[in-house]
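There are 2 protein chains.
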Amino acid sequence: MEFSQLRMFQTVAEYGSIIRAAEKLHCVPSNITTRIKKLEEELGTTLFIRQGRGLVISPSGKIFLEYTNQILSLCQDAKQAISPQSEPSGLLRIGAVESSATGRLPKLLSQYHQEFPAVQMQFSTDRWQQLLDDVIHHKLDGAIVAVNHKHPYLNSVEIYQEDLVLIAPATTDDITHPSDLIGKDIFMWPEGCPYRKTLEDWLSEHNATTAITSIASYGTILGCVSSGAGISLVPKGMLEQYNGAESVKTYEFKELTALKNYFIWNKNTGLHRAKEAFLERLKASF
Amino acid sequence: MEFSQLRMFQTVAEYGSIIRAAEKLHCVPSNITTRIKKLEEELGTTLFIRQGRGLVISPSGKIFLEYTNQILSLCQDAKQAISPQSEPSGLLRIGAVESSATGRLPKLLSQYHQEFPAVQMQFSTDRWQQLLDDVIHHKLDGAIVAVNHKHPYLNSVEIYQEDLVLIAPATTDDITHPSDLIGKDIFMWPEGCPYRKTLEDWLSEHNATTAITSIASYGTILGCVSSGAGISLVPKGMLEQYNGAESVKTYEFKELTALKNYFIWNKNTGLHRAKEAFLERLKASF
DNA sequence: ATCTATTGCTCATTTATAATGAATCATTGA
DNA sequence: TCAATGATTCATTATAAATGAGCAATAGAT
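Residue numbers (this note's numbering), protein chains in the order written: chain Z, 1 to 286; chain X, 1001 to 1286.
Structural data, given as structure tokens:
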């Protein structure tokens, strides 16, 4: 059973004549005769009643025609759905690092969902290493990360700069220099976190080496700092979101601010209308 | 775009591998490669992402896969729907002469509809000549008529005998012989009606020729008789249905009773499950 | 870093299927 | 009864699918 046969069947049923159908389909009548007979043989049913010199659709044919119309119409829809000029649709899987997820992203997501209801969005957070891997292996359609990792399969664009602030308990003496951190407890995300790297680099540049405790949770880090246990470097947006923000002191250092965030996607992915639209809205929102 | 291509696409998408799909489909991988590429070319989209030695479905492919699953599933349904072992479904167009329609038929129709909700029944009444013609030309799937017309395209089975009664106004003198009708006004359906023929034959056998007024409506005929205007010969079931029945006298003559009714259908029609089932129920109901 | 097994792709060839056109058969309407 | 119409059959040609061998790329192991 092939589409061409269904199209022939449909046309013959419509015109009630093989000759007319042949004209319409730009082929010779004998061809249609043969292929419809093959179809009938395969289905084990007679699709048309040959009575006299004419040809009328049979009861089975009538039932089959309903399905045929539906099937051929679905084919049209399928072609339309993936054509470049049609609206974004389908599945869109976006990942982001924790710090990005808490800022302006929620508003963007709901706005996007409203604009493209045909797109089913799946949003998740993870560590940037995992996000990169997932994008490379097409498990995600795109991700927001704070690193500009070069990879032959990855495209990336800068989307915004994340402001970082050093936070300390209100009871701590003012911090004016990296050396002020020596001997203090410092809480950061585990090895690999770009913010941690930024802080580590800043400290080592000023020969202020000190141990860092790893905590893979912004909530816990902020809780530790506000309860007086130690110091951390966190995104400004993250801090604003935290409802214990007034109980910590914040410090901004030129060398510590402005970490760039990127949207990354796999360059081997064919046209992805939903992702393109998302990236557009993402760029526009900053 | 052909079904075989969609099946290949679906299988490759399922296994994420051309080699596995080739095993499943009992063909060689290069064949699948080529035909999927042809499909992609026709659709103007890339269906799979070729990255490394593997193969992952693309965003467009994901959308297209949804449609493909639906289409192939519909094909299964279509084949199933017309297979002989499936339940009757589709359209069933039954015709009947007026006299049959008023009797036990309504109960049968509702019973049938309840038993086979997948069948869309279209019931109509017409004159028997038209019914025959409609069945011959496949405009009806079957009909109930009071004549056993022989025709190379028609099959027929006797389903029941219709009892006929002569009816006259209550004010008329009793009718004991055909000659009693001479000079009376007689109302019958127009030329061609088998009941009229029966009456005409009966009258001419007894040399009681008399004019007959044609009225193509049982309601009107019964109305005329009960209001005292004349005499008629009608099916018993028809009279029972009429709510003015008590205001007419009825007479039964051996020669006038028992007109056979037949179910007819076109013998060139292929297997029609819905019609077969209807005929079965029809036979059983008498 | 190099090797190897795996995987998909290309291409020439074979095979199968579809399309064609002339001839035939059946039927309707003149 | 005959001419016109429409479907079908059949031999032939054209097209498309399937095959199998060789190639290119790459992920994972050594």
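Yeah, the Cβ is synthetic: ideal placement off N, Cα and C, and Gly gets one too. Bear in mind that the values here come from a model prediction, so they are computed numbers and not experimental data.
Give me the Cβ distance between LEU132 (chain Z) and VAL145 (chain Z), rounded to the nearest whole Å; I'm assuming they're in contact under 8 Å.
-> Sure, about 7 Å apart at Cβ, within 8 Å.
Who are the Cβ neighbours of LEU271 (chain Z) in its own chain at under 7 Å, not counting the five residues just before and after it?
-> Hits under 7 Å: PRO84.
Can you give the beta carbon distance from ILE82 (chain Z) to THR1045 (chain X), rounded, assuming they're within the 8 Å contact cut?
-> Taking 8 Å as the upper bound for CB-CB distance, ILE82 (chain Z) and THR1045 (chain X) are in contact here, some 5 Å apart.
Count the other C-beta atoms from every protein chain shown that fall within 10 angstroms of the C-beta of ILE1049 (chain X), then say buried if there are 16 or more, exposed otherwise.
-> By the beta-carbon neighbour count (other beta carbons within 10 angstroms, threshold 16), ILE1049 (chain X) is buried.
For ILE1175 (chain X), which of X:SER1089, X:LEU1282, X:VAL1248 and X:GLU1276 has the nearest alpha-carbon?
-> Residue X:VAL1248 is the option with its Cα nearest to ILE1175 (chain X).
Contact set between the stretch 254–276 of chain Z and chain X, restricted to residues whose Cβ is under 9 Å from the partner = Answer in chain order: ASN266, ASN268, THR269, GLY270, LEU271, HIS272, ARG273, ALA274 and LYS275.
Proximal residues of chain X, C-beta to C-beta of ILE49 (chain Z) below 8 Å = Close to ILE49 (chain Z), with beta-carbon spacing below 8 Å, are these residues of chain X in chain order: HIS1138, ASN1266, ASN1268, THR1269 and GLY1270.
Taking the runs of the alpha helix (DSSP H) that are 4 residues or longer, which of them lie wholly in the stretch 1081–1133 of chain X?
-> With a minimum length of 4 residues, the continuous alpha helix (DSSP H) runs that stay inside the stretch 1081–1133 of chain X are 1098–1101 and 1105–1115.
Option nearest GLY90 (chain Z) by Cα separation, candidates Z:ARG281, Z:PHE286, Z:ALA277 and Z:LEU39 = Out of Z:ARG281, Z:PHE286, Z:ALA277 and Z:LEU39, Z:ALA277 has the C-alpha closest to the C-alpha of GLY90 (chain Z).
Quick one: Cα of ASP1201 (chain X) to Cα of ILE1221 (chain X), how far?
-> Straight-line Cα distance between these residues: approximately 20 Å.
Which of the three DSSP states, helix, strand or coil, is assigned to ASN266 (chain Z)?
-> Strand.
Using three-state DSSP, classify THR33 (chain Z) as helix, strand or coil.
-> THR33 (chain Z) falls in the helix class under three-state DSSP.
Three-state class that DSSP yields for ASN970 (chain X) in the structure shown = Residue 970 (chain X) is absent from the model: chain X starts at 1001 and stops at 1286.
Mind checking which residues open and close the beta strand (DSSP E) that includes LYS1139 (chain X)?
-> Per DSSP, LYS1139 (chain X) belongs to no beta strand (DSSP E) and is neither H nor E.
Would a check of beta-carbon distances place LYS37 (chain Z) closer than 9 Å to chain X?
-> At a cut-off of 9 Å between C-beta atoms, LYS37 (chain Z) does not count as an interface residue with respect to chain X.
Could you tell me how far apart the beta carbons of ASN1261 (chain X) and TYR1153 (chain X) are, in whole angstroms, since I believe they sit closer than 8 Å?
-> About 20 Å; that fails the 8 Å criterion.
C-beta neighbour in chain Z for MET1001 (chain X), strict 9 Å = Taking Cβ atoms only, chain Z reaches closer than 9 Å to MET1001 (chain X), which makes this a yes.
Nearest-angstrom beta carbon gap, THR1125 (chain X) and GLY1095 (chain X) [assumed within contact, 8 Å] = The pair is a contact, with the Cβ atoms about 7 Å apart (cut-off 8 Å).
Simplified DSSP state of MET974 (chain X), which is helix, strand or coil = Residue 974 (chain X) lies beyond the stretch modelled for chain X, which goes from 1001 to 1286, so this question has no answer here.
Residues bridged to ASN1261 (chain X) (per DSSP) | Beta-bridge pairing links ASN1261 (chain X) to X:TYR1160.
Kindly indicate which residue of X:ILE1182, X:GLY1054, X:SER1004 and X:HIS1206 has the alpha-carbon position closest to the one of TYR1015 (chain X).
-> Measuring from the Cα of TYR1015 (chain X), the nearest candidate turns out to be X:GLY1054.
Nearest neighbour of ILE167 (chain Z), chosen from Z:GLU158, Z:GLN120, Z:ILE159 and Z:LYS184 [CA to CA] | It is Z:LYS184 whose Cα lies nearest to the Cα of ILE167 (chain Z).
Would you identify the three-state DSSP class for LEU233 (chain Z), choosing helix, strand or coil?
-> DSSP places LEU233 (chain Z) within a strand segment (E or B) once states are collapsed to three.
Excluding the five sequence neighbours on either side, which residues of its own chain have a C-beta within less than 6 Å of the C-beta of SER1226 (chain X), listed in chain order?
-> Same-chain partners within the cutoff: GLY1244, SER1247 and VAL1248.
Report buried or exposed for THR198 (chain Z), applying the criterion of at least 16 other Cβ atoms within 10 angstroms of its Cβ.
-> It counts as buried.
How close, in whole Å, do the beta carbons of ALA274 (chain Z) and VAL119 (chain Z) come, if the pair is a contact with beta carbons under 8 Å?
-> Rounded, the Cβ-Cβ distance is 5 Å, consistent with contact.
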